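One structure is given below, encoded as structure tokens.
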Amino acid sequence: MAVVTKEIMISTKGFSDLQNITPLVEDFVGGLPFSEGSINVFVPGSTAGITTIEFEPGATKDLQEAFERLIPQADNYRHNLRWGDGNGFSHVRAAILKASLTIPFASSALLLGTWQQIVIMDFDNKGRNRRIILQAIG
Amino acid sequence: MAVVTKEIMISTKGFSDLQNITPLVEDFVGGLPFSEGSINVFVPGSTAGITTIEFEPGATKDLQEAFERLIPQADNYRHNLRWGDGNGFSHVRAAILKASLTIPFASSALLLGTWQQIVIMDFDNKGRNRRIILQAIG
Amino acid sequence: MAVVTKEIMISTKGFSDLQNITPLVEDFVGGLPFSEGSINVFVPGSTAGITTIEFEPGATKDLQEAFERLIPQADNYRHNLRWGDGNGFSHVRAAILKASLTIPFASSALLLGTWQQIVIMDFDNKGRNRRIILQAIG
């Protein structure tokens, strides 16, 4: 048993931009000194989340529109009144989607469904260079 | 320290069907060669999620109705236009609930609350035989 | 590699009360016999959840108001009809936010963003003394 921690960087456009990071996680798993265990994918920061989705333009747009309908960008947010950075909606969306996801792997392969991809969803109101932590235990 | 990975199969009805998988997870924990650690429960696939709930017919129906109100089946989803399989709502719901949950155990018992049960929620628009991955590290 | 499990107690006010538990998790990490690994933060019970947020009064109030708008306390819940304890809204909110969060640490420090804090959100309709499980593997 061992733990391996790696940091990757992803460039995002904000405004619920979804980026498929599955290939980067697969590369990490393929290079580990063990073949069975779990990966924690964690985004440091308060305005982005991690989940899985079938990464095709219809489903990703549907998810983006659902967040806009449920937690609209243009509502009045107290965070905006206090800080003036206009990303109150980003904080609420990120707290609900959450910054962490754990995925099992075996035989050096992620145990994802056929069409299931790991994504970062960046809710901020500007593009960001995002640090993402990949941590394997196995 | 060791890692143990097991696959179980659950038959679901889709349409937000909730199945209590706690007894299966407890059986798995009871049979492990170690008594303290964590279980990751992961559903491969893009139209189901894992969470906990008090598994009584009122609360489970409330959760199903909340998802129907927040992310209605009958809305227009771009995924449906592209793929014609009519389960755009399932993808959005599953991406928000997420496919993974980690639960600690000690003395070979899950550290759940008295009424707290582990469930799979299948959002697809048809019944499915679902693979679920249980992975213990401890 | 080892696993360390600790229970902490938090007093909450219910009604979406948010408590910042980051200092308690940091203390736990600082006292571990290993410096790299992951912490699972888990709340036993069906009416509370764990997430991260920038813990300032604007953003936390925004999150509380979003839950009230999306899953209103005053709606008709079947759980209330069956059990009469009036916390049907609490169960639905907790099942969506989820009871578990995993955070990586390295060099004995949590890999959180600068303003990102770990919180328990207690959705129950009364104050509670909440048990929270912290489990480290590393």
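Chains A, B and C, in that order, give the protein sequences. Sequential numbering from 264 applies to the first sequence in the numbering used here. Sequential numbering from 264 applies to the second sequence in the numbering used here. Sequential numbering from 264 applies to the third sequence in the numbering used here. Ideal placement from N, C-alpha and C gives every residue a C-beta, glycine not left out. As the structure is a prediction and not an experimental result, all values here were calculated from the model.
Residue i to residue j span [Cα, whole Å]
{"i": "C:Q327", "j": "A:R393", "result": "27 Å"}
{"i": "B:E319", "j": "C:H354", "result": "11 Å"}
{"i": "C:F386", "j": "C:D348", "result": "13 Å"}
{"i": "C:G401", "j": "B:P296", "result": "18 Å"}
{"i": "C:I381", "j": "C:G312", "result": "11 Å"}
{"i": "A:I244", "j": "A:S279", "result": "This structure cannot speak to residue 244 of chain A, because chain A is shown only from 264 to 401."}
{"i": "B:N339", "j": "A:F291", "result": "38 Å"}
{"i": "B:G293", "j": "B:S371", "result": "6 Å"}
{"i": "A:W346", "j": "C:M264", "result": "43 Å"}
{"i": "C:I396", "j": "B:L344", "result": "45 Å"}
{"i": "A:A358", "j": "B:A399", "result": "27 Å"}
{"i": "C:K324", "j": "A:I271", "result": "32 Å"}
{"i": "A:E331", "j": "B:R332", "result": "15 Å"}
{"i": "C:R356", "j": "A:R356", "result": "14 Å"}
Within-9 Å CB hit, residue i to chain C
{"i": "A:R341", "result": "yes"}
{"i": "A:K361", "result": "yes"}
{"i": "A:L287", "result": "no"}
{"i": "A:R345", "result": "yes"}
{"i": "B:I400", "result": "yes"}
{"i": "A:T268", "result": "yes"}
{"i": "B:I316", "result": "yes"}
{"i": "B:S301", "result": "yes"}
{"i": "A:A358", "result": "yes"}
Proximity test, Cβ basis, 9 Å: residue i and chain B
{"i": "A:L364", "result": "yes"}
{"i": "A:L375", "result": "yes"}
{"i": "A:P307", "result": "no"}
{"i": "A:E319", "result": "yes"}
{"i": "C:V355", "result": "yes"}
{"i": "C:I334", "result": "yes"}
{"i": "A:A329", "result": "yes"}
Cβ-Cβ distance between residue i and residue j below 9 Å
{"i": "B:G390", "j": "B:K276", "result": "yes"}
{"i": "A:E299", "j": "A:A369", "result": "yes"}
{"i": "C:H342", "j": "B:A329", "result": "no"}
{"i": "A:I334", "j": "A:F352", "result": "yes"}
{"i": "C:L281", "j": "C:M384", "result": "yes"}
{"i": "C:V266", "j": "B:S301", "result": "yes"}
{"i": "B:N403", "j": "B:T285", "result": "Because chain B in this structure spans residues 264 to 401, residue 403 of chain B falls outside the shown range and cannot be described."}
{"i": "A:N283", "j": "A:Q336", "result": "no"}
Residue i at chain A interface by Cβ criterion, 9 Å
{"i": "B:L295", "result": "no"}
{"i": "B:L326", "result": "no"}
{"i": "C:A372", "result": "no"}
{"i": "B:G351", "result": "yes"}
{"i": "B:I396", "result": "yes"}
{"i": "B:A369", "result": "no"}
{"i": "C:Q282", "result": "no"}
{"i": "B:A337", "result": "no"}
{"i": "C:A245", "result": "The requested residue 245 of chain C does not occur in the structure, where chain C is confined to residues 264 to 401."}
Interface partners of residue i on chain F, CB under 8 Å
{"i": "C:M264", "result": "The structure shown has no chain F; the protein chains it does contain are A, B and C."}
* Asked: So, do the stretch 299-318 of chain B and the stretch 362-379 of chain B have three or more beta carbon pairs nearer to each other than 8 Å?
  -> yes
* Asked: Taking one C-beta from the stretch 367-380 of chain C and one from the stretch 310-318 of chain C each time, how about it: are there three or more such pairs within less than 8 Å?
  -> yes
* Asked: Unbroken alpha helix (DSSP H) runs of length 4 or more, entirely within the stretch 339-385 of chain A: which are they?
  -> 341-346, 351-360
* Please list the segments of the beta strand (DSSP E) lying wholly inside the stretch 276-347 of chain C, counting only runs of 3 or more residues, in order along the chain. => 280-283, 300-305, 311-317
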